[in-house]
Structures are given as C-alpha cells and as structure tokens.
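In UniProt numbering, the protein residues as written are 1 to 187. Below is one structure; the comments refer to it alone.
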C-alpha cells in the first residue's frame, strides 16, 4: 500500500528477536491511523509454490506427510519453498518431481496469494501441472518423509467437499481447477 492510504501503518521501530533457517520473527512498532502506537509481530518467510499434478487420465498425485505444527498427518499437493535464483515454475516442477515422481511438462499458473497475511510475509503461487513425465523415483530431502497418493480428480473434489482435506493450498487449487474452463479434459 502507498503512504497516502489512510489505513497505512508506518513502522517506527523494527526488532528481529529470532532468525532461523526457514523463518525470522520481526517485532514492529507502528503508528496507527489515529496516531497511537502499537506492536505487530511479523513472520518473515521465503515465498513458496504448490502444484496439482494431473495426468492424462484425470488422476492427481498427492502426498501424505506429517505436519508437526498442527500435530497431524495430512493429504496435500506437492509444495515447497522457492530457492534463490529459482523461478516459481522451476520450483513447482522440481518439488512435484521430488515428492511424487512426476515432473509436469506443462504448468498453468492459477493464482498467487498471501497465505497468512495477518502475520506472515509469505506468498504461495499455485499451479496445475499436466503432461506428466514419470521420473521413476522420489527425491526427498534427508528430513522429508512422505507417501505418494494417487486418485481421480473427482475423488479429490469429493474429499474437499466432505471437509476431509484441511490444507488450504490443496483446497484452493482443487477448486480453481474444477472451476476453470479446462476442467472437462481432466475430470
């Protein structure tokens, strides 16, 4: 937002009490529109991508993995943090191949959105991936443990509608693909 925005909150003080390998925490002192001061805590993270890989038969390839932050193992689309000097599309292809064993030759950008705009700087770019090439194996990081799960796209939509999928990027991606004009060739 530009400074002439009446809701803009200028930062008067910035502290960084924690810096980790993936994120850092900033404590900001800001001036509210009424002139009073307030604190804001911001989590700084690198941007990420997520991709819904869909083969020529309408089968989607997902991953099950444990997410310690919520204490649950969940079903979700392949995703990951964009490396330095990597484009979102290159990251989507890499993450999809690493986590599912399928590399999409074609990507369709669906949306870039702020995933937790109330406290985080991160944006996620969503893609639909098609024209999949089987790479033959997963290439997971040493600390990454996932199960690859394949199912018809219609079943994924059914799981979303039954509220069995709790991952926002997976829900959003599935609904965007279902709502798109290209849905007829993948369902």
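Beta carbons: idealized from backbone N, C-alpha and C, even for Gly. Quick caveat, the model's predicted, so the values are computed rather than measured.
- Sequence-distant residues of the same chain with beta carbon closer than 8 Å to residue 37, five excluded per side: Position 37 of the chain shown, counted from the first residue, corresponds to residue 37. Only 12, 29, 30 and 31 meet the Cβ criterion.
- Does the beta-carbon distance from residue 61 to residue 150 come in below 8 Å? Within the chain shown, residue 61 is the residue found at index 61, counting from 1. Within the chain shown, residue 150 is the residue found at index 150, counting from 1. In this structure, residue 150 lies closer than 8 Å to residue 61 by Cβ.
- Task: For my contact list, residue 80 and residue 104 are in at a C-beta cut-off of 8 Å; report their separation, rounded to the angstrom.
- Result: Here the question's residue 80 lines up with position 80 in the chain shown. Here the question's residue 104 lines up with position 104 in the chain shown. 14 Å between Cβ atoms; not a contact.
- Query: Can you list the beta strand (DSSP E) stretches of 3 or more residues lying completely in the UniProt domain "Nudix hydrolase" (44–173), in chain order?
  - Reply: 48–53, 59–67, 72–76, 79–81, 102–114, 123–134 and 147–152
- Query: Excluding sequence positions up to five away, which residues of its chain have a Cβ less than 6 Å from the Cβ of residue 108?
  - Reply: Taking the first residue of the chain shown as 1, we reach residue 108 at position 108. Answer for residue 108: 128, listed in chain order.
- Task: Under 6 Å Cβ to Cβ from residue 178, same chain only, skipping five residues before and after it: list those, please.
- Result: For the purposes of this step, residue 178 is taken as the residue at position 178 of the chain shown. For residue 178, where only same-chain residues beyond five positions count, the Cβ hits under 6 Å are 157.
- Identify whether residue 176 lies in helix, strand or coil by the three-state DSSP scheme. Along the chain shown, one-based indexing puts residue 176 at 176. Here residue 176 sits in helix by DSSP.
- Coarse secondary structure for residue 5, derived from DSSP in three states: For this step, residue 5 is matched to residue 5 along the chain shown. Residue 5: coil per DSSP, three-state reduction.
- Would a C-beta distance cut-off of 8 Å place residue 54 and residue 121 closer than the cut-off? What you label residue 54 is simply residue 54 of the chain shown in a count that begins at 1. What you label residue 121 is simply residue 121 of the chain shown in a count that begins at 1. Contact: no.
- Query: How many Å lie between residue 155 and residue 72 at the Cα?
  - Reply: As a first step, residue 155 is located in the chain shown; it is residue number 155 there, counting from the start. As a first step, residue 72 is located in the chain shown; it is residue number 72 there, counting from the start. Approximately 21 Å, taken between the alpha carbons.
- Nearest-angstrom beta carbon gap, residue 102 and residue 133 [assumed within contact, 8 Å]: Residue numbering aside, residue 133 sits at position 133 when the chain shown is read from its first letter. Residue numbering aside, residue 102 sits at position 102 when the chain shown is read from its first letter. Contact holds; Cβ gap of about 7 Å.
- Query: residue 24 and residue 40: beta carbons closer than 8 Å?
  - Reply: The residue given as residue 24 occupies position 24 in the chain shown. The residue given as residue 40 occupies position 40 in the chain shown. It is not a contact, given that the beta carbons lie outside the stated cut-off.
- Query: For residue 147 versus residue 94, is the C-beta spacing smaller than 8 Å?
  - Reply: What you label residue 147 is simply residue 147 of the chain shown in a count that begins at 1. What you label residue 94 is simply residue 94 of the chain shown in a count that begins at 1. In this structure, residue 94 does not lie closer than 8 Å to residue 147 by Cβ.
- Message: Would residue 91 and residue 82 qualify as a contact pair, given that the criterion is a beta-carbon distance under 8 Å?
- Response: Residue numbering aside, residue 91 sits at position 91 when the chain shown is read from its first letter. Residue numbering aside, residue 82 sits at position 82 when the chain shown is read from its first letter. Cβ distance < 8 Å, so residue 91 and residue 82 count as in contact.
- Task: May I have the straight-line CA-CA distance separating residue 135 from residue 78, to the nearest angstrom?
- Result: Within the chain shown, numbered from 1, the residue matching residue 135 stands at position 135. Within the chain shown, numbered from 1, the residue matching residue 78 stands at position 78. Straight-line Cα distance between these residues: approximately 15 Å.
- Query: In or out: residue 124 buried (at least 16 other Cβ within 10 Å) or exposed?
  - Reply: Residue numbering aside, residue 124 sits at position 124 when the chain shown is read from its first letter. That one is buried.
- Task: Take residue 5 as the anchor and find which of 33, 15, 69 and 167 has the nearest alpha-carbon.
- Result: In the chain shown, counting from the first residue as 1, residue 5 sits at position 5. Looking at the Cα atoms, 33 is the closest of the given residues.
- Item | Neighbourhood of residue 131 by C-beta distance below 7 Å, restricted to the same chain and skipping five residues each side | In the chain shown, residue 131 corresponds to position 131, counting from 1. Result list for residue 131: 104, 105 and 106, in chain order.
- Task: Take residue 89 and list the residues in its own chain whose beta-carbon comes closer than 6 Å to its own, dropping the five residues that flank it on each side.
- Result: On the chain shown, residue 89 is found 89 positions in, with the first residue counted as 1. Around residue 89: 107.
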